[in-house]
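Notes follow the structure.
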Amino acid sequence: SGYVIIISVLNSSVAPPDRDKPGLKDAAIGLLNLIPIALLIFIVLGSIYSGLATPSEAAAVGVVATLVMIILTGQFTRDVFFGTLVSAVQTSCMIAVILIAAAFLSTAMGFLHVPQDVAKAIGAMNLSPYALIVILAVFYVLLGMFLEGISITVMSLPITLPLILAAGFDPIWFGIFLVIMVELAQITPPIGFNLFIIQGLTGTPIMKIAVAATPFFVLMCIGVVLLTVFPEIALWLPNTLFDK
């Protein structure tokens, strides 16, 4: 957020155009228009946290709730419905093709034991704790160029977690570190997994997306360094909750 604010201040052309300052009436109307969105978020998250729906099922709940809201507000038309349906199918098919290709690659690498062999080789180096973290960070970034997050986690965690525990790191800290590294790997220029999804959604050339993603990649790297140097960033809240 800070990066976006700074860039917007330094280069106003990347920010949305200025608008007239809204009056009290406009602000009130804007707040009222946010009520359906807030209600939709409450319904989706509420269905998950209440146990009524899994995250996947909550997506369907969100679709039904949105459809009901559109009907109640009088915005439902046949053109809107079929236009939205076609757009959703196109996006879903595009993402599905990418996921299928990633699944084939993940399966091939799984049969070849590439992630497992590399992780075992890292373990055989007998590295110092912080050297181990650096090597694992590079390892996950490289994997993220070819695999999606779930495959990375499932194939590598059974080997990397014992290494981390033997090095004296907290497993909760490593879980947060792993999530951040997997997400960082997905936007690694120029062939991060998520970059191709953005390209499919926007039609923007992949190299332009990669250049735009580079500052966020660097910022996440800085965040990983801070998380490693100051592990309490990740551990303070869990330790407070469990009175460690």
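Numbered continuously in our numbering, the sequence shown closes out at residue 274. Positions of the beta carbon are idealized from the N, C-alpha and C atoms, including for glycine.
Excluding the five sequence neighbours on either side, which residues of its own chain have a C-beta within less than 8 angstroms of the C-beta of residue i, listed in chain order?
{"i": "I92", "result": "Reading the sequence as shown, one finds Gly at residue 92 and not Ile. Once the five neighbours on either side are set aside, the close Cβ partners of G92 are L70, I73, V74."}
{"i": "L187", "result": "L208"}
{"i": "L173", "result": "P145, I182, S186, A215"}
{"i": "I206", "result": "L257, A264"}
{"i": "T96", "result": "L70"}
Taking Cβ positions, are residue i and residue j nearer each other than 7 angstroms?
{"i": "L271", "j": "I263", "result": "no"}
{"i": "G140", "j": "M185", "result": "yes"}
{"i": "Q146", "j": "I189", "result": "yes"}
{"i": "M211", "j": "A151", "result": "no"}
{"i": "I202", "j": "P268", "result": "yes"}
{"i": "A89", "j": "I78", "result": "no"}
{"i": "A240", "j": "P219", "result": "yes"}
Give me, in chain order, the residues of the same chain whose beta-carbon lies closer than 7 angstroms to that of residue i; leave out the 5 immediate sequence neighbours on both sides.
{"i": "I217", "result": "N224, L225, A243, F246, F247"}
{"i": "Y170", "result": "I182, M211, V212, A215"}
{"i": "V44", "result": "I37, S38"}
Under 6 angstroms: does the beta carbon of residue i sit that close to some heavy atom of the ligand COA?
{"i": "P47", "result": "With respect to the ligand COA, the structure offers nothing, as it holds no ligand at all."}
Just confirm the distance between the C-beta atoms of residue i and residue j, as a whole number of angstroms; I'd bet it's less than 8 angstroms.
{"i": "F199", "j": "P159", "result": "7 angstroms"}
{"i": "L191", "j": "F204", "result": "7 angstroms"}
Taking 6 angstroms as the limit between beta carbons, can you name the residues of its chain near residue i, skipping five residues before and five after?
{"i": "I194", "result": "F204"}
| field | Secondary structure, alpha helix (DSSP H): runs of 4+ residues fully inside the stretch 134–171 | value | Within the stretch 134–171, the alpha helix (DSSP H) runs of at least 4 residues that lie entirely inside it are, in chain order, 144–153.
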